[in-house]
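Residue numbers (our numbering): 521 to 665.
Glycine included, each C-beta is placed from N, C-alpha and C at the ideal position.
Here the structure is a predicted model, which means the values were calculated and not measured.
Okay, so here's the structure we're looking at.
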Amino acid sequence: MGVIAILATTYSFAVVDDGVGSIDQECQANGFDFGIVKFEWNTTTNSYTYENPEIPPYDVNVTGDDERADWTASPAVDGVLHKEAGNTFVHAGGTSGTVDMNENAISHITFCGSENGAPEFLTPAIALAVLLTTPAFAYLVVKRR
Numbered sequence: 521m522g523v524i525a526i527l528a529t530t531y532s533f534a535v536v537d538d539g540v541g542s543i544d545q546e547c548q549a550n551g552f553d554f555g556i557v558k559f560e561w562n563t564t565t566n567s568y569t570y571e572n573p574e575i576p577p578y579d580v581n582v583t584g585d586d587e588r589a590d591w592t593a594s595p596a597v598d599g600v601l602h603k604e605a606g607n608t609f610v611h612a613g614g615t616s617g618t619v620d621m622n623e624n625a626i627s628h629i630t631f632c633g634s635e636n637g638a639p640e641f642l643t644p645a646i647a648l649a650v651l652l653t654t655p656a657f658a659y660l661v662v663k664r665r
C-alpha cells in the first residue's frame, strides 16, 4: 500500500501570429512574452501616436520628441523597446521612464509584458504538501519492514 501525491499545474495560452513585425513578435524576439502597445513617432504631428491600441488593463502614455521620450504605465510593464534605424534597444520596465536616442532618431517605442509565473501560493503549497506527506510515506515504509 502506498500513498502517492501528485501535484500538477497546467498553464494554457494561445499564440496568435499577427504577421511579420507585430508587437507580439517584436517583444518575443527580445525576451518578452507579448506586446502591450506600440507608439510610432509621427513627423506630421510631431508626437507619438498609437500604432496598435493598448491591451487592457494597461494605460500607457508617451510624451516628448524623436530624441527623448518620457513614458508612464499603469500597471507596470515588464520591458520597453525603442527602435532607431535598424537597431532595437531594450530597457527595463516599470511604471515610468525615459528613452533617449543613441545615434539616430527614435522611430517607435514598444511596451512589452511577460506571462505571470507560477502563482505566489504554489511554492509554499508544494512545500507544505511535501512536509505533510513525507511522514506518512516514511511511516508506511517503516511499517512494511
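Could you work out which residue in the options is closest to residue i when comparing CA atoms only?
i    : options                   : result
G551 : V610, P577 and H602       : V610
P576 : S634, I556, L601 and N624 : I556
T615 : T569, T592, T564 and A605 : T592
E623 : S567, G633 and A605       : A605
D586 : S594, N562, P595 and G599 : N562
I543 : V600, G613 and A612       : V600
Taking the C-alpha atoms as reference points, what is the distance between residue i and residue j?
i    : j    : result
Y578 : N607 : 26 Å
E574 : M621 : 23 Å
G541 : I626 : 17 Å
G584 : N636 : 31 Å
D590 : T618 : 4 Å
V580 : Y568 : 12 Å
Q545 : F554 : 7 Å
T565 : K603 : 19 Å
C547 : F631 : 8 Å
Please state whether DSSP places residue i in a helix, a strand or coil.
i    : result
E574 : coil
A549 : helix
D586 : coil
How about residue i and residue j: are their beta carbons less than 7 Å apart?
i    : j    : result
V582 : I629 : yes
In chain order, what residues of the same chain have a beta carbon less than 6 Å from the beta carbon of residue i, not counting five sequence neighbours either side?
i    : result
E571 : K558 and E560
R588 : D620
A549 : none
S594 : D579
Got a sec: is the Cβ-Cβ distance from residue i to anything in chain B below 7 Å?
i    : result
S616 : Considering every chain present, this structure includes no chain B. It has just one protein chain.
Among the residues of its own chain, which have a CB less than 7 Å from the CB of residue i, if the five just before and after it don't count?
i    : result
G613 : A596, V597, D598, G599 and V600
S634 : F552, D553 and D598
Spatial neighbours of residue i within its chain, please: C-beta separation below 8 Å, excluding the five flanking residues on both sides.
i    : result
D538 : In this prediction, D538 has a pLDDT of 34, which is less than 50 and means its spatial position is unreliable; nothing more can be read from the coordinates.
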